[in-house]
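These notes are about the structure you will find just below.
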Amino acid sequence: MRNIKMYLQFDGSRYAGWQRLSDGDNTIQGKLETLLKKMTSKEVNVIGCSRTDKGVHAKALVCNFFTNSDMTIDAIESYINRYLPDDIVVYNLLEEDERFHSRYNAKSKLYRYTIDNNKYQDVFTRKFTSHVPKKLNIDLMQKAANELVGTFDFAAFTTMKSKKKSSIRTIMNINILKESNYIYIDFEGDGFLHNMIRIITGTLVRVGKEEISPKDVKSILEAGDRSIAGPMIEAKGLCLIEVRY
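Using the working numbering, the first residue of the sequence shown is number 4, and each one after it goes up by one.
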């Protein structure tokens, strides 16, 4: 059995996220599995490195699948890209050791959230940015972000309902950069809870508006109470940038 590792990009605007939900659903995993079934005439389970939410994009999502197909790597790649919609592209395929797992072997994941901080939203970037017209204080935002770097219980920053699953995660870095009225918030962590990055970003935006202070963010983290954290910002500004193994 061959283990095929696949790198893909997608514009998540019209998809219900990565994870397959039902037969006919509009998900990235569902699109790939339907296509691979046609290619191999067998059911194929595509394992993703991350379960991106509805509307979230990816520049470098990694996934893998097992197959007995004798098609060459180039032939598989050509077939997939020929039949995928134009908002999903597979840009690299290679064979991995049979033990490779795109999710469990990942050491860290890098996401970027992009904010359009212009007075009026740019028409040409609106699908990939969240518009915040009020000028944000990125120095305060960075101070607040620094409070979240480390290993903590991030219960205040998730919509995860299950109490059985751990909400402890490690964030290695959060870096905030502003260029030409666009604010880029880069996150690197060992994994992220459901909607965690979007809630953290929504909270950092409140800091940038000077509605709350960096110390308040530390207090929110320690309290572990979702109701006192900031709002969950929209999905379209979030993009998976890189997965490190």
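Glycine included, each C-beta is placed from N, C-alpha and C at the ideal position.
Delimiting residues of the beta strand (DSSP E) encompassing residue i
{"i": "residue 119", "result": "111-119"}
{"i": "residue 180", "result": "171-182"}
{"i": "residue 154", "result": "153-156"}
Collapsed DSSP secondary structure at residue i in the structure displayed
{"i": "residue 107", "result": "coil"}
{"i": "residue 77", "result": "helix"}
{"i": "residue 101", "result": "coil"}
{"i": "residue 22", "result": "coil"}
{"i": "residue 84", "result": "helix"}
{"i": "residue 215", "result": "coil"}
{"i": "residue 225", "result": "helix"}
{"i": "residue 53", "result": "coil"}
{"i": "residue 194", "result": "coil"}
{"i": "residue 220", "result": "helix"}
{"i": "residue 247", "result": "strand"}
{"i": "residue 142", "result": "helix"}
Inter-residue spacing [alpha-carbon to alpha-carbon] between residue i and residue j
{"i": "residue 256", "j": "residue 179", "result": "Coverage of the chain is limited to positions 4 through 248, which leaves residue 256 absent and any answer about it impossible."}
{"i": "residue 128", "j": "residue 134", "result": "10 Å"}
{"i": "residue 73", "j": "residue 79", "result": "10 Å"}
{"i": "residue 29", "j": "residue 20", "result": "8 Å"}
{"i": "residue 70", "j": "residue 44", "result": "11 Å"}
Proximity of residue i and residue j at Cβ, strictly below 7 Å
{"i": "residue 232", "j": "residue 202", "result": "yes"}
{"i": "residue 156", "j": "residue 177", "result": "no"}
{"i": "residue 243", "j": "residue 53", "result": "yes"}
{"i": "residue 240", "j": "residue 117", "result": "yes"}
{"i": "residue 187", "j": "residue 85", "result": "no"}
{"i": "residue 181", "j": "residue 215", "result": "no"}
{"i": "residue 191", "j": "residue 87", "result": "no"}
{"i": "residue 68", "j": "residue 92", "result": "no"}
Boundaries (first-last residue) of the alpha helix (DSSP H) holding residue i
{"i": "residue 63", "result": "Here residue 63 belongs to no alpha helix (DSSP H); instead the beta strand (DSSP E) covers 60-70."}
{"i": "residue 235", "result": "Unbroken run through residue 235: none, as it is neither H nor E."}
Proximity test, residue i beta-carbon vs the ligand FMN heavy atom, cut-off 6 Å
{"i": "residue 136", "result": "Annotation note on the ligand FMN: not contained in the displayed structure, which lists no ligands."}
Beta-carbon separation (whole angstroms), residue i vs residue j, contact threshold 8 Å
{"i": "residue 144", "j": "residue 207", "result": "5 Å"}
CB contact below 7 Å: residue i versus chain B
{"i": "residue 207", "result": "As a matter of chain content, chain B is missing from the structure shown, which is built from one protein chain."}
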